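These notes are about the structure you will find just below.
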Amino acid sequence: MPQPYRIFGSEMSPYSVKVRSYFRFKQIPHVWIPRGPDNDEDYRRFARLPIVPTVATPDDEGIQDSTPIIERVEAICTQPSIHPADPALRFLSELIEEFGDEWGNKLMFHHRWHADVDAEASSRTLARLLLPHGDAISVAEKARAIRERMTGRGHFVGSSQANAPLITAYYGELIDLLETHLASRRYLFGERPAFADFGLSGQLYEASVDPTCGAEMRARGPKVLDWCHRMMEPRLDGPFEDWGALAPTMAPILNYIGRYFLPWTTANARTLEAGADNFTVDLPGGPYSQPPQKYHARSLAALKGKYAQAMGAPGLRAILSAAGCLDYLQ
Ligand SMILES: N[C@@H](CCC(=O)N[C@@H](CS)C(=O)NCC(=O)O)C(=O)O
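Using the working numbering, the final residue of the sequence shown is 508, and nothing's skipped along the way.
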């Protein structure tokens, strides 16, 4: 019997719950290992970078980075597929997956560490997860250290006093669009989860457990909250829909991606190329400034590579053009 995949992850890590949700959907034998002191030695054998999730394959190879992890396993375990058969829809799903990982993370991370109530709750939860056997004093000390470290990191993803009202408005608008879209379907592309669902729900699930974003989601997006929970144990409940059925409520989501995420990630990549240490991009709601993020430029290049493969798919160009996405992808 081959040994199962092992996922070193954290309940507080959006990329970890994303990968776990994928393994659960595919019913691939796996063990979830909450990252902590009890598995430090084992984790270090597989982790090239000190991040979660880190997955150990049945052959004892360590793999990292949630998108390539899923793509690699999907290439071996093809059924049930997380990709719609229609190549245009498949690309849209890949676009939303990338959007979830990068933009969704900004919305979640900012709110998790910006207000006192969120930073306090998150640091305490993380401290307890990292010190499962710790006494109250050591957990409180750990929570203080985590809070200091994470609050100091906010500016990496654009979290700042000036951006705070903008990011809160981005979050609310996204919840409204998803609430409408999920009113009549269980997953983003129909009755079964696609790549998009894994990327976006991981971030929004984490937002849902935090005080500020969770309250907003309960009040404003109950269907979104249901979907976040559904995505913890996603199932094959029926077919993917076609573009005709998805378009009325998915086109506005793509339009949001074309108005916020793609201009932002494009400006970010240009800033890195130019070697500047800050950039400002005009987004709806007002100018948004932050230091450039290295990882995003790489993942934007990967997304453009996927578009180059998919660009001949019937209907795709027209959908992306109408949503204001096309110019950023070619
Ligand atoms: N791009 C990576 C991101 C992984 C990542 O950023 N993980 C965070 C937790 S969500 C982490 O481990 N950060 C290291 C730290 O907090 O020290 C992925 O998709 O897996």
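Ideal Cβ positions, reconstructed from N, Cα and C, are used throughout, including at glycine. Remember, predicted model here, so these are calculated numbers, not experimental data.
Local Cβ density within 10 Å of residue i, reported as buried at 16 or more and exposed below that
i: THR443; result: buried
i: TYR506; result: buried
i: ILE254; result: exposed
i: GLU239; result: exposed
i: ALA323; result: exposed
i: VAL209; result: exposed
i: ARG223; result: exposed
i: ALA374; result: buried
i: GLY416; result: exposed
i: GLN471; result: buried
i: ALA361; result: exposed
i: TYR473; result: exposed
i: ALA385; result: buried
i: ARG306; result: exposed
i: ASN456; result: exposed
i: THR449; result: buried
Contact belief for residue i with residue j at Cβ below 8 Å, rounded distance in angstroms
i: PHE418; j: PRO262; result: 4 Å
i: LEU270; j: LEU432; result: 7 Å
i: ASP279; j: SER477; result: 7 Å
i: PRO469; j: HIS288; result: That belief does not hold up - the Cβ atoms of PRO469 and HIS288 are roughly 14 Å apart, past 8 Å.
i: ILE247; j: PRO231; result: 7 Å
i: TYR200; j: ALA234; result: In fact, because the Cβ distance is near 16 Å, the residues do not count as touching under 8 Å.
i: GLY392; j: VAL195; result: That pair is no contact at about 15 Å.
i: ARG213; j: SER188; result: 5 Å
i: GLU394; j: ILE353; result: 7 Å
i: MET190; j: LEU304; result: 5 Å
Nearest-angstrom Cα separation, counted from residue j out to residue i
i: ALA425; j: ASP237; result: 43 Å
i: SER338; j: ARG331; result: 10 Å
i: THR358; j: ASP218; result: 44 Å
i: VAL260; j: ILE229; result: Sequence inspection shows Ile at residue 260; the Val mentioned does not correspond to that position. Rounded to whole angstroms, ILE260 to ILE229 spans 25 Å at the Cα level.
i: TYR221; j: LEU227; result: 10 Å
i: LEU498; j: LEU504; result: 5 Å
i: ALA423; j: GLU272; result: 19 Å
i: GLU319; j: TYR485; result: 47 Å
i: LEU403; j: ARG363; result: 13 Å
i: ILE274; j: ILE315; result: 42 Å
i: SER436; j: CYS406; result: The amino acid at residue 436 is misidentified as Ser; the sequence shows Gly. Rounded to whole angstroms, GLY436 to CYS406 spans 23 Å at the Cα level.
i: ASP496; j: ASP313; result: Here residue 496 turns out to be Ala, not Asp, going by the sequence shown. Going from the Cα of ALA496 to the Cα of ASP313 covers about 59 Å.
i: THR329; j: GLY464; result: 24 Å
i: ALA447; j: GLN242; result: 23 Å
i: LEU267; j: LYS482; result: 16 Å
i: ALA454; j: ALA479; result: 19 Å
i: THR427; j: ILE185; result: 35 Å
i: GLN181; j: PRO215; result: 22 Å
i: PRO430; j: GLY502; result: 11 Å
i: ALA166; j: VAL317; result: This structure leaves residue 166 out entirely; the chain is present only between 179 and 508.
i: MET489; j: GLN508; result: 9 Å
i: ALA500; j: ILE211; result: 44 Å
i: PRO492; j: ASP420; result: 13 Å
i: ALA340; j: MET179; result: 56 Å
i: THR346; j: ARG413; result: 31 Å
i: GLU326; j: LEU308; result: 16 Å
i: ALA225; j: GLU351; result: 37 Å
i: ARG250; j: SER300; result: 32 Å
i: ASP294; j: THR390; result: 10 Å
C-beta contact flag for residue i and residue j at 8 Å
i: PRO258; j: ARG396; result: no
i: GLY336; j: TYR466; result: yes
i: ASP388; j: ARG290; result: yes
i: TYR434; j: LEU355; result: yes
i: TYR349; j: LEU285; result: yes
i: ALA342; j: HIS311; result: no
i: ALA445; j: VAL459; result: yes
i: GLU298; j: GLY377; result: no
Interface flag, residue i vs chain B, CB-CB below 8 Å
i: ILE185; result: Here chain B cannot be found, since the structure has a single protein chain.
Problem - Any heavy atom of ligand 1 within less than 5 Å of residue CB: hits in chain order - result: Per the Cβ criterion, the list is SER191, TYR193, ILE229, VAL230, ASP243 and SER244.
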